[in-house]
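Participant:
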Amino acid sequence: MKSKAARDKGAKDEGGVLETIKVVVQALLIALVIRTLLFQPFNIPSGSLIPTLLIGDYLFVSKYTYGYSKHSVPFSPPLFDGRVWAAEPKRGDIAVFKLPTDNSTDYIKRVIGLPGDRIQMINGILHINNVPVKRERIADYVSTDNWGRSTPVIQYRETLPNGVSHEIIEREGDTGTFDNTPVFLVPPGHFFMMGDNRDNSLDSRDRSVGFVPFENFVGRAEIIFFSIEDGASAWRVWEWPWTVRWNRLFSAIK
């Protein structure tokens, strides 16, 4: 028969394990609520939004900005259709959405066309509702080629009809694959998305992406909380002094 001291020690150990499990479960639930209702971390895997967002940027996406849909919840369970507490994206927002063709792959692009808009590219110039969008040539963006050499790329400052101004680059000048397109008439309840790296972005100009339903929006990109050089590994903490882009940390996304 166990002594009273042994029984007390066993009960204390069991209570300690249960308390630890309780704390872990509570922490996981809090993290799930924050991720579902408030903010979701997201990293940039491609260069489609250069120069605004770079490969290796880690950012927070606000989930509440556009309201909530089934895509606000991990794995997009079919809980309901449409959105609740909805607020439509604004032209110029950088937003994460689920690719319409599979409703699961995360994409991030800039909102260019609103429902009812007519969008067209003519000789590299964006046209919205038959009006060319203002763009002005600025200093070249310095990129790297496939061999790691510095390469200047043509850069413009583009100003959308609502006054949102941002930089775009044209790697192939105004003769890229999507620099001349037919007119895209944005259907009701859908949006037209484009990357800032105009010659290296798979976006609404291509039928594999197409128009994005409002329901597919996950959230708006808000702030870069971490950034590391392309090709570097974030887990290699000892390399951070020279691989982290310190000047991009905690910068707002525009």
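The UniProt record's numbering applies: residue 1 is where the sequence shown begins, and numbers increase by one.
Beta carbons are placed, not taken as given, at the ideal position from N, Cα and C, and that holds for glycine.
For clarity, every value in this text was computed on a predicted model and none was experimentally measured.
#1: Could you check where the alpha helix (DSSP H) with Pro241 kicks off and where it finishes?
#2: Note down, in chain order, each residue of its chain lying with its Cβ closer than 8 Å to the Cβ of Arg205, except the 5 sequence neighbours on either side.
#3: Keeping to the same chain, check which residues put their C-beta closer than 8 Å to that of Leu38; ignore five residues upstream and five downstream.
#4: Shortest alpha-carbon distance to Val153 belongs to which of Ile168, Ile21, Asn130, Gln26?
#5: Inspect the beta-carbon positions of Pro89 and Phe211 and report whether they are closer than 9 Å.
#6: Could you work out which residue in Val24, Ser69, Ile112 is closest to Asn103 when comparing CA atoms only?
#7: Contact defined as beta carbons within less than 8 Å: I believe Leu160 pairs with Gly92. What is the distance between those atoms, to the nearest angstrom?
#8: Go through the segment 61-93 residue by residue and report every complete run of the alpha helix (DSSP H) that reaches 4 residues or more, in order.
#9: From this set, Leu59, Val24, Val23, which residue's C-alpha is nearest Phe226's C-alpha?
#10: Near Pro77, what residues of its chain come up, given a Cβ to Cβ distance below 8 Å and the 5 sequence neighbours on each side ignored?
#11: How would you call Asn216, buried or exposed, if buried means at least 16 neighbouring beta carbons within 10 angstroms?
#12: Do Arg110 and Ala95 have their CB atoms nearer than 9 Å?
#13: DSSP has Ile122 in a bridge; who is on the other side?
#14: If you reduce the DSSP assignment to three classes, tell me which class Thr159 lands in.
#15: Nearest to Arg248 by CA position, among Tyr66, Trp238, Phe42, Ile223, is which residue?
#16: Three-state secondary structure (DSSP) at Arg149?
Facilitator: Reading from the atomic positions:
#1: 240-243
#2: Met121, Phe178, Thr181, Phe184, Met194
#3: Ser62, Lys63, Tyr64
#4: Ile168
#5: no
#6: Ser69
#7: 5 Å
#8: none
#9: Leu59
#10: Lys70
#11: buried
#12: yes
#13: Ile125
#14: strand
#15: Ile223
#16: coil
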